Ligand SMILES: Cc1cc2nc3c(=O)[nH]c(=O)nc-3n(C[C@H](O)[C@H](O)[C@H](O)COP(=O)(O)O)c2cc1C
C-alpha cells in the first residue's frame, strides 16, 4: 500500500485518451468502500465525460484548468441534510478515487470547490445538483502525460510526530 501512496501525485496534464469502463468501475468501487461517520454515506458522484461540460467545469475556479483535458471528471457531492460529517466523508471518498486512479495507471488532481461559493453555484446549476447537496471537489481522471517523481523519504518529517504528549 505504501508504494501506491508514494506514487500518488497531483497530475494536471493528461493524454488525449479515454479511460475504459473497467477502469472507471474500479475507481467508483473504491469510493463505495470508503468509511462514513455513522455509516450514513451522505455522498454521490456525478461522472462527467462530455467535453463541453468538462470545459465549463474547468473554468469554474482559477485552479481547475486541468479538468478540461481529463477523460472524466468525478464531481464529489455531499448531502449536508443527511450528515454534518459530509466534508469528512466526501474527503475520504475523494482520496479513495485518487489512489484508485493511480492503481489503474491513471492520475488525478483534486480541484477544491467547497469554500468557493460562486464556483459551487455554477457547478450545481450546470449539473442540476439539488440545493441540499454540496460540492466538495472535482476529481479529474486521465492518463498522465508524464510520471511525476514519487514521494520519497523527505516527506517523512519526524517533527510532525509527537510521542505520547505534544510537549
Ligand atoms: C483539499 C485539497 C485541495 C486542493 N485543491 C487544488 C486545486 O483546486 N487545484 C489544484 O490544481 N490542486 C489542488 N490540490 C492539490 C495540491 O496542490 C497538492 O496535493 C499539493 O501541492 C501536494 O502535491 P502532491 O499531490 O503531488 O503530493 C488540492 C489538494 C487538496 C488535498
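In our numbering, the protein residues as written are 64 to 230. Where is the CB? At the ideal position from N, CA and C, for every residue including glycine. Since the model is a prediction, treat every value here as computed from it, not as a measurement.
In this structure, ligand 1 has a non-hydrogen atom nearer than 7 Å to the beta-carbon of residue 174.
If only uninterrupted beta strand (DSSP E) runs of at least 3 residues are considered, those enclosed by the stretch 129–199 are 135–142. When C-beta atoms of the stretch 82–92 are compared with those of the stretch 156–169, three or more pairs fall below 8 Å, so the two segments count as touching. Distances from the alpha-carbon of residue 116 to those of 225, 195 and 191 put 191 closest.
A straight-line Cα-Cα distance of about 18 Å links residue 134 and residue 123. Within the same chain, 93, 94 and 97 come within 6 Å of residue 159 by CB-CB distance, once the 5 residues on both sides are set aside. Within the same chain, Cβ atoms closer than 8 Å to the Cβ of residue 194 are found at 187, the five residues on either side in sequence being excluded.
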